[in-house]
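> Top to bottom, those sequences are chains A and B.
The C-terminal residue of the first sequence carries number 1051 in this note's numbering, and the numbering is unbroken.
The C-terminal residue of the second sequence carries number 1059 in this note's numbering, and the numbering is unbroken.
Glycine residues also receive a C-beta, built at the ideal position from the N, C-alpha and C atoms.
Below is the structure I would like to discuss, written out as structure tokens.
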Amino acid sequence: MTEVVRRAQQGDQSAFHELYREHVGRMYALCLRLTGSAAEAEERTQDVFVQAWRKLASFRGESAFSSWLHRLAVNLVLMERRAAGRRWARVAAVEDPAALEQGGEAPSPTLGLDLERAVAALPEGARQVFVLHDVEGYRHEEVGELLGIAAGTSKAQLFRARRLLREKLDL
Amino acid sequence: MTERDDDREFRDLLAAVERLPKSVEPPRDLWPGIEARIAGQGEGGRGRGRILAFPRRWALLPLAAAAALVLLWLGRRGTIRPAGAWEVTRLAGRPLVGETPLDASGALRVGQWLETDDSSRAVILVADIGHVDVKPGTRIRLVRARATDHRLALARGAIFAQVDAPPRLFFVEMPAGVAVDLGCAYALEVDSSGTGLIHVTAGYVELQWSGRRSIVPLGFVARTRPGVGPGVPFTADAPEALRFALEAYDFGNGGAPAVRRALAAARPEDAVSLWHLLSRVEPTLRVAVYERLEALVPPPAGVTRDGLLRLEQRQLDAYWNAIRRIAWRRIILQGVRDIDPRTGLGR
Chain A
881 MTEVVRRAQQ
891 GDQSAFHELY
901 REHVGRMYAL
911 CLRLTGSAAE
921 AEERTQDVFV
931 QAWRKLASFR
941 GESAFSSWLH
951 RLAVNLVLME
961 RRAAGRRWAR
971 VAAVEDPAAL
981 EQGGEAPSPT
991 LGLDLERAVA
1001 ALPEGARQVF
1011 VLHDVEGYRH
1021 EEVGELLGIA
1031 AGTSKAQLFR
1041 ARRLLREKLD
1051 L
Chain B
713 MTERDDDREF
723 RDLLAAVERL
733 PKSVEPPRDL
743 WPGIEARIAG
753 QGEGGRGRGR
763 ILAFPRRWAL
773 LPLAAAAALV
783 LLWLGRRGTI
793 RPAGAWEVTR
803 LAGRPLVGET
813 PLDASGALRV
823 GQWLETDDSS
833 RAVILVADIG
843 HVDVKPGTRI
853 RLVRARATDH
863 RLALARGAIF
873 AQVDAPPRLF
883 FVEMPAGVAV
893 DLGCAYALEV
903 DSSGTGLIHV
913 TAGYVELQWS
923 GRRSIVPLGF
933 VARTRPGVGP
943 GVPFTADAPE
953 ALRFALEAYD
963 FGNGGAPAVR
973 RALAAARPED
983 AVSLWHLLSR
993 VEPTLRVAVY
1003 ERLEALVPPP
1013 AGVTRDGLLR
1023 LEQRQLDAYW
1033 NAIRRIAWRR
1043 IILQGVRDID
1053 PRTGLGR
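Written as structure tokens, this is what we have:
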């Protein structure tokens, strides 16, 4: 465990600020890709660090701090998206069932890269599987566990996501 | 071979994915909002007392040892590193990069070998995620330098690797398998016969070879041999009788007698080893392994005899999680608190 983590665990906010500076880019990238929304990614990134501060006592150095924070962020974003999905599904069921198959909001113009835009526009489930598997390097079994789906479903969603991206990007 | 390697159909797409930045700066500083939210939470809400009560004398030595390397690393982060290459720094003697003697520092490019003789040492900076200390008498090659695949091949010699990154980003290939980083630090040796020996000093490492795998936690050791793959991991202070029995089973065609000797020698501290044996032994021996393991470290709620004997993955995983936590607590608190190796709780 690094000295800065140890100091943050003892309540040192300046140490925690150091950890924030070191990891914010990685966390924001993860949240941005998992949510497909710049605005939501900002919120979730803040949530991740607030949650990390609360749970810092439970970090025992069993893995690297970055791994611990990464897992915390994935769980937090997916949990929030599930809750939001349930709320949205109740509205969409009445207004526009097809909306559930659309991506989230339009990708932010600040995303820049075509691939980032295309990923952001993927349907929710396919995007999450693609980001977790192809970008973040999780295995299908792990993706399945995180998303509460079977490993086979994860494979199917990944194939779908890759095909959609390939078509969109003309690769 | 990874899932990704299997999928050539999307090669161009995956190549584009690998070029995506791992880090994206948010458009505005998010810290003020975070600071405002955590300001009112104080230390009580974070269970500070528990942490302060947790002794960390064990951490001082590795911290001190790492300090010089961290300083070296931080000091060099601003330097320009060629694409497809990692920085390598001479620590002693005259290491060779390819055919060229290394001066103070240089680049190790994909495909190049770094070789140290009996009196030379070097440190390789693994992109921005860690470092590898290359000991004397070592031959090591940079295989891949991608954001999602940092890969070295250790032909012979010894290294110490420390990586701070999400799992499965850093790999070391050996003649007898691959060490997959799961967020950890470890010492790895490969001898002239290609046999590998790993000693994990933080986190976990997965050893893989041809579908066979061992998960090696902090404080554990494992061997891997060409043509056989990784053996059963054992704790560094395992009884000699257990180590010999596992060696005979893994690499000496010891069969059932070796398994029985291992079971007889095993203590609760050796549950990690028995958990690995559970899914490796012949079905006829599985009951004996289960009964010994269950007697040494009782399975957690929800894990059943039938489920384990059928090798149901969820049941194995649940048991593993309980066993690894106990092992971790026992090792991390060694000399500090007396931990019951059956439960992981203080006695």
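For residue 921(B), is the beta carbon positioned less than 7 Å from some heavy atom of the ligand HEM?
The ligand HEM is absent from the structure shown, which contains no ligand whatsoever.
> Hey, is the region 896–907 of chain A in contact with the region 739–747 of chain B, meaning 3+ C-beta pairs nearer than 8 Å?
Judged by Cβ distances under 8 Å, the region 896–907 of chain A makes contact with the region 739–747 of chain B, as three or more pairs qualify.
> Between the C-alpha atoms of residue 1052(B) and residue 1047(A), what's the straight-line distance to the nearest angstrom?
Each residue's Cα considered, the two are about 58 Å apart.
> With 8 Å set as the bound, which would you pick, yes or no: does the beta-carbon of residue 987(B) sit closer than that to a beta-carbon of chain A?
Cβ-Cβ to chain A under 8 Å: no for residue 987(B).
> What is the DSSP secondary structure of residue 932(B), reduced to helix, strand or coil?
Three-state result, residue 932(B): strand.
> Could you pull out every unbroken alpha helix (DSSP H) segment of at least 4 residues lying fully inside the region 892–976 of chain B, listed in chain order?
Within the region 892–976 of chain B, the complete alpha helix (DSSP H) runs of at least 4 residues are 952–963.
> I'd like the span of the alpha helix (DSSP H) that includes residue 985(B), first residue to last.
From DSSP, the alpha helix (DSSP H) with residue 985(B) extends over 983–990.
> Compare the beta carbon distance of residue 1009(B) and residue 971(B) with 8 Å and say whether it is the shorter of the two.
Going by C-beta atoms, residue 1009(B) is not nearer than 8 Å to residue 971(B).
> Helix, strand or coil for residue 910(A)? Go by DSSP, reduced to three states.
The answer is helix: DSSP assigns residue 910(A) an H, G or I state.
> Buried or exposed for residue 893(B), please, with buried defined as at least 16 other CB atoms from any protein chain shown within 10 angstroms of its CB.
That one is buried.
> Does residue 995(A) get closer than 8 Å to chain B when you measure Cβ to Cβ?
At least one chain B Cβ lies under 8 Å of residue 995(A).
> Could you give the DSSP three-state label for residue 746(B): helix, strand or coil?
Of the three classes helix, strand and coil, the one that applies to residue 746(B) here is helix, per DSSP.
> Could you check whether residue 956(B) and residue 937(B) sit closer than 8 Å to each other, using their CB atoms as the reference points?
Not closer than 8 Å, so no.
> Indicate whether at least one CB of chain B lies closer than 8 Å to the CB of residue 962(A).
No, residue 962(A) does not count as interfacial toward chain B.
> Would the beta-carbon of residue 855(B) fall within 8 Å of that of residue 826(B)?
Result no, Cβ atoms of residue 855(B) and residue 826(B) do not sit closer than 8 Å.
> Does the beta-carbon of residue 919(A) have 16 or more other beta-carbons within 10 angstroms, so that it is buried, or is it exposed?
Burial call: exposed.
> Cutting at 7 Å between CB atoms, please list the residues of its own chain near residue 834(B), excluding the five before and the five after it.
So the list reads 800, 801, 802, 803, 807, 814, 826, 828, 846, once near-sequence residues are dropped.
> Can you check DSSP and say which residues form a bridge with residue 1008(B)?
DSSP lists no partner for residue 1008(B).
> From the beta carbon of residue 915(B), is the nearest beta carbon of chain A less than 8 Å away?
Taking Cβ atoms only, chain A reaches closer than 8 Å to residue 915(B), which makes this a yes.
> Would you mind sorting residue 883(A) into buried or exposed? The rule is 16 or more other CB atoms within 10 Å of its CB.
Residue 883(A) should be labelled exposed.
> So what's residue 765(B) in DSSP terms, helix, strand or just coil?
Interpretation of residue 765(B) is limited by its pLDDT of 30, a score under 50 that renders its predicted location unreliable; no figure is taken from the coordinates.
> Per DSSP, which one or two residues make a beta bridge with residue 882(B)?
Beta-bridge pairing links residue 882(B) to 862(B).
> Could you tell me how far apart the beta carbons of residue 917(B) and residue 928(B) are, in whole angstroms, since I believe they sit closer than 8 Å?
At roughly 5 Å, the Cβ-Cβ gap stays under 8 Å, so residue 917(B) and residue 928(B) are in contact.
> Considering only residues of the same chain and omitting the five flanking positions on each side of residue 1040(B), which have a CB-CB separation below 7 Å?
Closer than 7 Å at the Cβ level, and outside the excluded window around residue 1040(B), lie 929, 930.
> Relative to the alpha-carbon of residue 1001(A), which residue among 917(A), 905(A), 910(A), 890(A) has its alpha-carbon at the smallest distance?
The candidate whose alpha carbon is nearest that of residue 1001(A) is 917(A).
> In the structure shown, what three-state DSSP assignment does residue 900(A) receive?
The answer is helix: DSSP assigns residue 900(A) an H, G or I state.
> What are the partner residues of residue 999(B), as DSSP defines its beta bridges?
The partner list for residue 999(B) (beta bridge, DSSP) is empty, contrary to what the question assumes.
> Between residue 932(B) and residue 945(B), how many whole angstroms is the CB-CB distance? I'm expecting something under 8 Å.
That pair is a contact at about 4 Å.
> What does a CB cutoff of less than 6 Å around residue 885(A) pick up in its chain, not counting 5 residues either side in sequence?
Closer than 6 Å at Cβ, skipping near neighbours: 945.
> Residue 722(B) CB to nearest chain A CB: under 8 Å?
Yes, residue 722(B) counts as interfacial toward chain A.
> DSSP state of residue 867(B), grouped into three classes?
In this structure, residue 867(B) counts as strand in the three-state DSSP scheme.
> Using a Cβ-Cβ cutoff of less than 8 Å, which residues in the same chain neighbour residue 927(A) once the five nearest sequence positions on both sides are dropped?
Correct list, in chain order: 956, 960.
> Based on the DSSP output, what are the partners of residue 817(B) in its beta bridges?
Partner(s): 801(B).
> Grab me the residues of residue 1054(B)'s own chain with a C-beta within less than 6 Å of its C-beta, minus the 5 sequence neighbours each way, in chain order.
Once the five neighbours on either side are set aside, the close Cβ partners of residue 1054(B) are 980, 1009.
> DSSP has residue 857(B) in a bridge; who is on the other side?
Looking at the DSSP assignment, residue 857(B) forms a beta bridge with 862(B).
> How would you call residue 777(B), buried or exposed, if buried means at least 16 neighbouring beta carbons within 10 angstroms?
Low per-residue confidence applies at residue 777(B): pLDDT is 43, beneath 50, and the placement is therefore not dependable, though the value from the model is reported in the following sentence. Result: exposed.
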